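Let me begin by presenting the structure, written as C-alpha cells, before commenting on it.
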Amino acid sequence: MPYNNDLANRIRYRLADLPNIEEKEMMGGLIFMYNGKMCIGIVKDEMMCRVDPNVHEQAVEKYGCRTMDFTKKPMKGFIMIDETGLHSQNDFEYFINLSLDFNKKAKSSRKSKK
C-alpha cells in the first residue's frame, strides 16, 4: 500500500472548500499542493505537514509527531504525524491549520524546466 487512502480522504474532505488545491503522487505518497506550494502529504500511514520553522519544535512536542527525516536528514519545517497523533478531530485540525497558516508565507518550489 503506497499511502493510506482513508487518511487521504480525510484530508480531501477538510480541504474541499479551499481553492487552488492540487494532488500529486510522488515518492510513493500523495502531496496536497495549495496555491502551487507543497502543504500536506501522506507517506504510508503518516501525515506530513509543512510548517513554519519557528513553530517546528512546539509541534513535535505533540503526541505522535516527529521531525521529518525522509532522507535520513532531519528537515526543520516538515513534520510527520502518525495515527496516534491524528485520532481526535482537534489534533487533526491543529496540524492541518499549522500547514495552511504557513502556506501563506511559504515560498513556492522551483518548477523544473522541460
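Sequential numbering of the sequence shown, starting at 382, is according to our numbering.
From the three backbone atoms N, C-alpha and C, an ideal C-beta is built for every residue, glycine too.
The model shown is predicted, which means the values in this text are computed figures rather than measured ones.
What residue range does the beta strand (DSSP E) around residue i cover?
i    : result
Y394 : Taken as a continuous stretch (DSSP letters only), Y394 belongs to no beta strand (DSSP E), being part of the alpha helix (DSSP H) at 386-396.
Are the CB atoms of residue j and residue i within a distance shorter than 7 Å?
i    : j    : result
I412 : K405 : yes
C430 : L481 : no
A389 : I423 : yes
Looking at the secondary structure, which residues open and close the alpha helix (DSSP H) in which residue i lies?
i    : result
L479 : 470-484
E438 : 437-440
If residue i sits next to residue j, beta carbons under 8 Å apart, how far is it from one beta carbon to the other, in whole angstroms?
i    : j    : result
G410 : Y384 : 5 Å
G458 : P434 : 4 Å
Buried or exposed for residue i, please, with buried defined as at least 16 other CB atoms from any protein chain shown within 10 angstroms of its CB.
i    : result
K485 : exposed
P449 : Note that residue 449 corresponds to Met in the displayed sequence, not to Pro. It counts as buried.
K495 : Summary for K495: the model assigns pLDDT 49, below 50, so the residue's position carries little reliability; its value from the coordinates is reported in the next sentence. Exposed is the call here.
H376 : A query on residue 376 cannot be resolved here, the shown segment of the chain reaching from 382 to 495 and no further.
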